[in-house]
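*Asks:* Take a look at this one; I'll ask things after.
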Amino acid sequence: MSRLRPAPPSSIALMDIYERMLSAYGPQHWWPGESSLEVIIGAILTQSASWTNVEKAIDNLKNNGALSIQGLQRLPVSDLARLVYPSGYYNAKAAKIKAFVDWLYRNHDADLDNLFSLDTAELRQQLLGVYGIGEETADSIVLYAASKPMFVIDAYTRRIIDRLGTTWGVQTPATGTPGSLPGADHGQETSIGHDYGHTNSRVHGCPLDTTSYSNDQRRNSLPGWTPESRRKGLGTYASYQALFMSNLPHDAAMFNEYHALLVRHGKDVCKKKPICIGCCLATACASAGVG
Ligand code: SF4
């Protein structure tokens with residue numbers, strides 16, 4: 032009787048995924064923005080918008096001397112809406128930017144350093160209380176504007192994780208919460224990466240190699256995975272975030288790069304119709320070959 036190998040610890044698998052993408056694409060130099068305020072405004076404007084259009088809106092703000100806390104506060108909301116028009120939903124986005132700036136004046140003396148002096152959890156919590164700032168936007172601000180370790184989840188991340196099959200590590204708040212750091216020792220993870228390299232090729236004996244069993248076997252070996260849950264993409268923002276926060280060292284620089292790499296991979300390779308041939312994650316992916 033054939034015996035399935037247990038799924039690898041998700042901490043090791045997640046580091047392997049990171050190393051493979053970093054090797055394939057190189058550093059992504061995120062977030063594109065010249066200041067913390069620009070990152071915050073970009074995080075709001077990029078809701079349901081392409082980055083190209085966000086850049087046009089930010090250029091409008093810069094060219095009109097409005098990209099400062101004071102400039103945004105002085106600007107009537109109708110004028111602000113006109114400037115951010117290229118990013119779409121311009122009236123709603125102008126209202127959100129105004130709400131953030133007004134909140135910053137009222138609660139943090141219009142001072143981003145004051146805001147960023149909060150600890151990570153408190154900063155996230157306060158941001159979530161501001162009109163128009165949801166989890167992805169709050170976490171983008173925490174990570175990319177405040178440089179604090181909070182993993183950002185977006186549609187690309189969900190799609191890639193679902194396809195990889197690493198949802199075996201998705202934890203509910205009852206079994207794992209952001210902030211805890213169980214799992215394998217990070218030094219052990221990186222030494223595995225260095226010893227075996229980060230290429231697509233199968234390396235005999237590498238503990239990260241999962242090519243010795245079939246896609247179905249890999250899928251079936253993932254506790255909690257069902258075809259139905261996979262098809263529906265079930266899983267809350269918090270559960271995807273806990274997968275990363277509970278299994279990786281809380282390193283803001285690595286979280287920064289990891290999210291940027293997932294976006295790159297989701298845009299260029301693991302697209303809606305994935306390009307599996309040549310994919311740097313193929314040998315670790317339960318869905319390899321679907322595209
Ligand atoms: S092998 Fe295919 S499905 Fe898997 S991550 Fe790569 S592109 Fe996506």
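At position 1 of the sequence shown (counting the first as 1) the number is 32 in this note's numbering, and the numbers step up by one without a gap. The beta-carbon is built from N, C-alpha and C at its ideal position, and this holds for glycine as well. Owing to the predicted nature of the structure, the values given are computational and were not obtained by experimental measurement.
#1: Which residues mark the beginning and the end of the alpha helix (DSSP H) in which His290 is found?
#2: Heavy atom of the ligand SF4 less than 7 Å from the Cβ of Leu195, yes or no?
#3: In three-state DSSP terms, what is Thr314?
#4: So, for Ile115: in the same chain, excluding its five sequence neighbours on each side, which residues have a beta-carbon less than 8 Å away from its beta-carbon?
#5: Ser66 to Asp299, Cα distance in whole Å?
#6: Does at least one heavy atom of the ligand SF4 sit under 7 Å from the Cβ of Leu53?
#7: Applying the criterion that 16 or more other CB atoms from any shown protein chain within 10 Å of the CB defines a buried residue, is Gly96 buried or exposed?
#8: For the stretch 129-142 against the stretch 98-108, do three or more pairs of beta-carbon atoms, one drawn from each stretch, fall closer than 8 Å, so that the two count as touching?
#9: So, using beta-carbon positions, are Phe147 and Ala177 closer together than 8 Å?
#10: Please indicate yes or no: does the CB of Leu312 lie closer than 7 Å to some heavy atom of the ligand SF4?
#11: When you compare the stretch 43-57 with the stretch 154-162, are there three or more beta-carbon pairs, one atom per stretch, that lie closer than 8 Å?
#12: Would Arg51 and Cys307 qualify as a contact pair, given that the criterion is a beta-carbon distance under 8 Å?
#13: Should Val294 be counted as a contact of the ligand SF4 given a C-beta to heavy atom distance under 7 Å?
#14: Could you pull out every residue in the same chain whose Cβ sits closer than 7 Å to the Cβ of Trp61, ignoring the five residues on either side in sequence?
#15: Quick check on the DSSP output: the alpha helix (DSSP H) that includes Phe147 runs from which residue to which?
#16: Please report the straight-line C-alpha distance between Ser81 and Thr151, rounded to a whole angstrom.
#17: In three-state terms, what does DSSP make of Tyr162?
#18: Name the two residues that bound the continuous alpha helix (DSSP H) containing Lys129.
*Replies:* Reading from the atomic positions:
#1: 283-299
#2: yes
#3: helix
#4: It is worth fixing the name first, because residue 115 is Val in this sequence and not Ile. So the list reads Leu76, Ala88, Asn91, Leu92, Tyr121, Lys124, Ala125, Ile128, once near-sequence residues are dropped.
#5: 27 Å
#6: no
#7: exposed
#8: yes
#9: yes
#10: yes
#11: no
#12: no
#13: no
#14: Tyr175, Asn287, Ala291
#15: 143-147
#16: 28 Å
#17: coil
#18: 121-139
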